[in-house]
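**Q**
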Amino acid sequence: MFTSGKNNPNLNIKLVSILISILNFCILFDSSLAHKFTYSFKRNENFEILFFLEDTKEMNINTALDYKDSIKIFFDINYKFKNEKMHVYTYKKENFICFGLFDNFLSPNSSENAFKTGIIECNFELSYFLRICNDIIEIPSKWTNYDFKSFLQILTSFKAIENKRLLEYLQVIIFNNLMQRKNSVSNNRDFELKEVFGSCFFSKIDISIKKLFIIAYLNVLMIESAIKDGNLILMNSVNDYVDSYLFNEHIPYGNILVNDFKIFCALETVLENAYMCDIFHVLLSQINIKSLIFDAY
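Residue numbers (our numbering): 856 to 1152.
1. Closer than 8 angstroms is the cut-off here; do at least three beta carbon pairs connect the stretch 897–906 with the stretch 942–958?
2. Among all the DSSP beta bridges, which residues are the ones paired with glutamate 976?
3. Identify the residues that DSSP records as bridge partners of valine 1027: which are they?
4. Helix, strand or coil, according to DSSP, for threonine 1011 in the structure here?
5. So with Cβ pairs under 7 angstroms, would you call serine 982 a contact of chain D?
6. Determine, using beta-carbon pairs with one atom in the stretch 888–899 and one in the stretch 962–979, whether at least three such pairs fall under 8 angstroms.
7. Measuring alpha carbon to alpha carbon, tell me which of Lys1066, Glu1123 and Ile952 ends up nearest glutamate 993.
8. Whole angstroms are fine: how far does the CA of serine 1080 sit from the CA of isoleucine 1070?
9. Could you give the distance in angstroms between the alpha-carbon of isoleucine 1134 and the alpha-carbon of leucine 956?
10. When you compare the CB positions of isoleucine 1029 and tyrosine 1072, do they come within less than 7 angstroms of one another, or not?
11. Glutamate 1017 and serine 1063 look like a contact to me (Cβ under 8 angstroms); what is the Cβ gap, rounded to whole Å?
12. Short check: CB of threonine 911 to CB of histidine 890, under 7 angstroms?
13. Return helix, strand or coil for threonine 858, following the three-state DSSP convention.
14. Is proline 963 close to the ligand SAM? I mean its beta-carbon at under 6 angstroms from any heavy atom of the ligand.
15. To the nearest angstrom, how far is the alpha carbon of lysine 1037 from that of phenylalanine 1013?
16. Do you know how far the Cα of asparagine 959 is from the Cα of aspartate 1084?
17. Use the C-beta contact count for serine 1146: other C-beta atoms within 10 angstroms, 16 or more gives buried, fewer gives exposed.
18. Could you check where the alpha helix (DSSP H) with serine 1146 kicks off and where it finishes?
19. Within this structure, are the beta carbons of asparagine 1110 and isoleucine 1148 separated by less than 7 angstroms?
20. Count the other C-beta atoms from every protein chain shown that fall within 10 angstroms of the C-beta of isoleucine 1144, then say buried if there are 16 or more, exposed otherwise.
21. Under the assumption that lysine 1004 contacts phenylalanine 1052 (Cβ atoms under 8 angstroms), give the Cβ distance between them as a whole number of angstroms.
22. Can phenylalanine 1102 and asparagine 1128 be called in contact, C-beta distance under 7 angstroms?
23. For leucine 1138 and lysine 937, I'd like the C-alpha separation in whole angstroms.
24. Indicate the three-state DSSP secondary structure (helix, strand or coil) for isoleucine 877 in the structure shown.
25. Can you check DSSP and say which residues form a bridge with phenylalanine 1110?
26. Pull up the DSSP beta-bridge partners for aspartate 1115, would you.
27. Could you give the DSSP three-state label for aspartate 1045: helix, strand or coil?
28. Going by the DSSP bridge assignment, what does isoleucine 1088 pair with across the sheet?
29. Have a look at lysine 997 and asparagine 968 and give me their C-alpha separation to the nearest angstrom.
Put into structure tokens, the structure is as follows:
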């Protein structure tokens, strides 16, 4: 027999309790128990930066990793170290990935050199990411979206220096992800380039890093490319002549220029894969490229 909730207050209480439980689950579903890390750092006489783990605190964080709050950096002249025994990393200018913020801290002619110590607060294990940034063979075989976003945050916050080594590093990350997806038999994938590149988080990443990811992605696909004045140029060789008159400087978006039919066919073949096509699409959207110019004649 059906019982109306109006005549059964216990049923209403039970229903409300169930609904509250469901809502709480929905709120917590996109969150995970993590740690807030506090690191101190100081410059030594050998032009190195020593990092120390000062404190860790458990906290619930959203797996989306808020861009604004994920990492904070403070320079301080008079900071007193609490735990110098917990040395976790040493940064040198010879790092595989170099960071402008740290290099300036070591440079005698920079404003950052006025400070000798500093503090970094972040929602991820900074020492781990600094270690893997020091050697390309340390790139993990398996990442999560959260790990990758943490890595992206480090590139932007510490002002990663754009060079061939950084480009090579990004290529390995992309190649590993594409190969893992190709060989995976499961639909449960923790690391999705398409999802990260299309996120609001990635939209806040420095545009120079976004452009480098596009070049790295095309390099993995064996397609030579360059970005000039907001336009993406696909070509056979970096020495190919490009007619600048093909670009209309008055339109509010960039173009893809393909100046060789073989390149066009190669791109078309690669992008028949839906996942790879989606990655390319979201990367182009992030740097406002919306049209195609085909100039193979």
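Idealized CB from N, CA, C, for every residue including glycine.
**A** So, to answer that:
1. yes
2. Thr893 and Lys927
3. None; valine 1027 has no bridge partner.
4. Under the three-state reduction of DSSP, threonine 1011 is assigned to helix.
5. The displayed structure is made up of one protein chain only, and chain D is not part of it.
6. yes
7. The residue with the shortest Cα to Cα distance from glutamate 993 is Ile952.
8. 6 angstroms
9. 30 angstroms
10. yes
11. 6 angstroms
12. yes
13. Residue placement at threonine 858 is poorly supported in this model, since its pLDDT is 46, which falls under 50; the coordinates still yield a value, given next. Threonine 858: coil per DSSP, three-state reduction.
14. The model on display carries no ligand, and the ligand SAM is accordingly not part of it.
15. Roughly 33 angstroms separates the two Cα atoms.
16. Our two residues, aspartate 1084 and asparagine 959, have alpha carbons roughly 28 angstroms apart in a direct line.
17. exposed
18. Per DSSP, serine 1146 belongs to no alpha helix (DSSP H); it is in the beta strand (DSSP E), 1144–1149.
19. In contact: asparagine 1110 and isoleucine 1148 (Cβ atoms closer than 7 angstroms).
20. Buried.
21. Rounded, the Cβ-Cβ distance is 11 angstroms, inconsistent with contact.
22. no
23. 43 angstroms
24. With a pLDDT of 45 at isoleucine 877, under the threshold of 50, the modelled position of this residue cannot be trusted; read the value that follows with caution. Note: isoleucine 877 maps to helix in three-state DSSP.
25. Note on residue identity: the sequence assigns asparagine, not phenylalanine, to residue 1110. According to DSSP, asparagine 1110 bridges with Ser1146.
26. Bridge partners of aspartate 1115: none, in fact.
27. Looking at aspartate 1045 - three-state DSSP - the assignment turns out to be coil, as it is neither helix nor strand.
28. Ala1081 and Leu1112
29. 37 angstroms
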